[in-house]
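Residue numbers (my numbering): 4 to 801.
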């Protein structure tokens, strides 16, 4: 239950922040209050570390929709703990950084911290959920919260566009993911992730296996900005820098990678999954690295850098995915080495990329620009930021004595060892190794190029909007701490490898002798091929970065971007959807009703055709006499008359008379409870209509249009036949017992002698309550609209 308490505490802090929004003087306390959440979260997950290291896990399951196997089911195992620590500890640094970055005078702080807390809550929900539908709910919550955070400065058009684009792409992936989860449920009959893992062979043998892989990959690739779905990430950099540091380098973009790691034991049973994930990751890696050299905006460089690094991690997940097919033997060692390297680099990436984003935020905050063409010589005025960004950039490039070098070496080792895997031959090994090396060269180029342009050279005094930049110690503290961890991880990597990464690997590979094959991280492996590749990358990368003028090269290489294609498609879709909506929503109530009834009739007829018409076993017709016949004739005559009467008030009265005739039918059928309910409802409805029309001009309806009236009559008759047919089919059904026998005990179960009242007030109390709320809201809306013109005129006079 402690995990549930943690999630509840985060929600409680959000509620407290909402209370601070009422007074501007309390806004300055929003940051310290919000900071409590990552502190509690970090302490909790660190406290669970010893238990998870022993192979144990924390689980809580609260039944919800048990018939569909949708439950509040959380599980904290090694993989969940690994990502939870990233979310919490990086979140702690980012939350504190935001207190120094955001303006207490100009920014609405409670709103910002509510959004980012909602995002943190959603990410923790994704990585700890043990139910696919519950995971999907949190998955979409991250899309909603990231949309709000990207559009936080909603006055800027670029922020609005970035938020909309990221939302559309990630929600599209989320819908694909939900469809994949539904297919898994169809195959396995469960939404529990642990149960799904236990039925991996059953899923692999299913005809839906390939569609499941494609749909889950769409969800993962859109969330983790893989080619060609990467276009939302650079535009999302319009968000405040703390958002970029948290969502788009350390957490949100890692959600898709978490999904791949979590479902690798199932999806890895297909070679299609291995090839697809590996090559999409490598293409994304080289595409992002090359495009990073073409950017002028520092956050733009880091955005494409993030895309490239995510592609690198995804390619390692793909290469190691074959572990699902070979859980023991020599092959398992190669697979586990690659998966371990992917997890290790994921941790390293969160550290150096978070520090880089924070450094860029300091530069932007103090100089007023992120354009590298306007920045130079900042090492003299921002020395701490210079050191932070220099070491972080070199770590990202894989330079020795920093943590990025270790995971980059393991990445190269995995590439050159792939020929040992049954899915790859020597030709494919050469291809992926070349792609990895070329992408790594470009990674070093833009890392060095970025530092050289911004920090080296002379200060451009006349071009910078802020002439006296400085770096307060508290502002640089979070990025400096993350920078210090870079060499620490290099010198004691196994401290993190055995305590954090190994339990995560154990969860992915389901504990199949992982302790025996998990690699020991060493700073020196002797002279081997991965070291030679690293040497080539460093030499070629430094020469290219220092000798080539990449500003001129970026001006020469200008191609039509995928974003432009997206914009063209978006405009076409918007025009088409606008036309379709205008065609359907034509402000004619009759049109809406006819369409609704027609669709219902078509669905019912299609269902009857597919299922077949039941055999006639009984035809039950209630007894009737002269009074029933007379009442029926009255209803029939009034129904026809309503078609031709043009005055609205007369129609309301005649419609009420039909309702009272139905009351008479209930009385004749000895159902006084239904009769009383019908009488009350019909009276209230008629009065409400009369009162409403008394406030509106009594405009007569248009003259009779024979074709329109004929369509209405035909649809009405078809609807009547459809309803009677459904009643007839229900009479023939014997597969399930009638529910009326349960409600017959209403007096014993609920103490109500009126069955209708007992159903509405006891058996379906919540449903009735919310229906009442809907009516109240609708009534308030109608009242507001009726009085709007009068109130507006009064306001104008005042």
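The C-beta atom is built at its ideal place from N, Cα and C for all residues, glycine as well. All figures in this text were calculated on a predicted structure; none of them were measured in a lab.
Per-residue DSSP class, three states only, for residue i
i, result
"residue 65", "strand"
"residue 132", "strand"
"residue 367", "helix"
"residue 525", "coil"
"residue 796", "Only weak support is given to the placement of residue 796: the predicted model assigns it a pLDDT of 47, under 50, and the value that follows is read from those uncertain coordinates. Note: residue 796 maps to helix in three-state DSSP."
"residue 618", "coil"
"residue 583", "helix"
"residue 374", "strand"
"residue 311", "helix"
"residue 300", "strand"
"residue 2", "There is no way to answer for residue 2, as the model of the chain reaches only from 4 to 801."
"residue 649", "coil"
"residue 252", "coil"
"residue 461", "coil"
"residue 627", "coil"
"residue 497", "helix"
"residue 424", "coil"
"residue 97", "helix"
"residue 593", "helix"
"residue 163", "helix"
"residue 205", "helix"
"residue 16", "helix"
"residue 802", "Look at the range of the chain in this structure, 4 to 801, and you will see that residue 802 is not part of it."
"residue 715", "helix"
"residue 10", "helix"
"residue 258", "helix"
"residue 588", "coil"
"residue 385", "coil"
"residue 512", "coil"
"residue 782", "helix"
"residue 473", "coil"
"residue 356", "helix"
Among the options, the one whose alpha carbon lies nearest that of residue i
i, options, result
"residue 127", "45, 155 and 106", "45"
"residue 450", "296, 493 and 368", "296"
"residue 368", "125, 385, 712 and 678", "385"
"residue 3", "458, 494 and 595", "With the chain represented from 4 up to 801, any question about residue 3 goes unanswered, as that position is not in the structure."
"residue 350", "205, 326, 408 and 285", "408"
"residue 441", "354, 311, 760 and 528", "311"
"residue 153", "137, 177 and 116", "116"
"residue 339", "676, 267 and 502", "267"
"residue 666", "658, 677 and 657", "677"
"residue 30", "84, 51 and 110", "110"
"residue 220", "320, 512, 689 and 197", "320"
"residue 637", "626, 653 and 658", "658"
"residue 356", "535, 692, 256 and 783", "256"
"residue 176", "107, 377 and 224", "224"
"residue 298", "743, 577, 629 and 453", "453"
Residues bridged to residue i [DSSP beta-bridge criterion]
i, result
"residue 75", "65"
Expected contact under 8 Å - CB spacing of residue i and residue j to nearest Å
i, j, result
"residue 307", "residue 294", "5 Å"
"residue 347", "residue 533", "Actually they are not in contact, since the Cβ atoms of residue 347 and residue 533 sit about 14 Å apart, beyond 8 Å."
"residue 151", "residue 188", "Not a contact, Cβ separation roughly 30 Å."
"residue 64", "residue 169", "With 8 Å as the limit, residue 64 and residue 169 do not qualify as a contact, their Cβ atoms being about 33 Å apart."
"residue 604", "residue 725", "5 Å"
"residue 272", "residue 227", "At roughly 22 Å, the Cβ-Cβ gap does not stay under 8 Å, so residue 272 and residue 227 are not in contact."
"residue 112", "residue 33", "4 Å"
"residue 229", "residue 191", "Not confirmed; about 27 Å, so no contact."
"residue 38", "residue 124", "Actually they do not touch by this definition, with Cβ atoms about 15 Å apart."
"residue 537", "residue 412", "6 Å"
Where the alpha helix (DSSP H) containing residue i begins and where it ends
i, result
"residue 764", "Premise fails: residue 764 is in no alpha helix (DSSP H) and is neither H nor E."
"residue 412", "406 to 419"
"residue 479", "476 to 494"
"residue 214", "212 to 226"
"residue 812", "Coverage of the chain is limited to positions 4 through 801, which leaves residue 812 absent and any answer about it impossible."
"residue 685", "675 to 697"
"residue 46", "33 to 56"
"residue 544", "532 to 550"
"residue 749", "749 to 753"
"residue 235", "235 to 238"
Any non-hydrogen atom of the ligand FAD within 8 Å of residue i CB
i, result
"residue 595", "The ligand FAD is absent from the structure shown, which contains no ligands of any kind."
Residue-level contact to chain D via CB, residue i, 9 Å cutoff
i, result
"residue 68", "Checking the listed chains, one finds no chain D in this structure; it contains a single protein chain."
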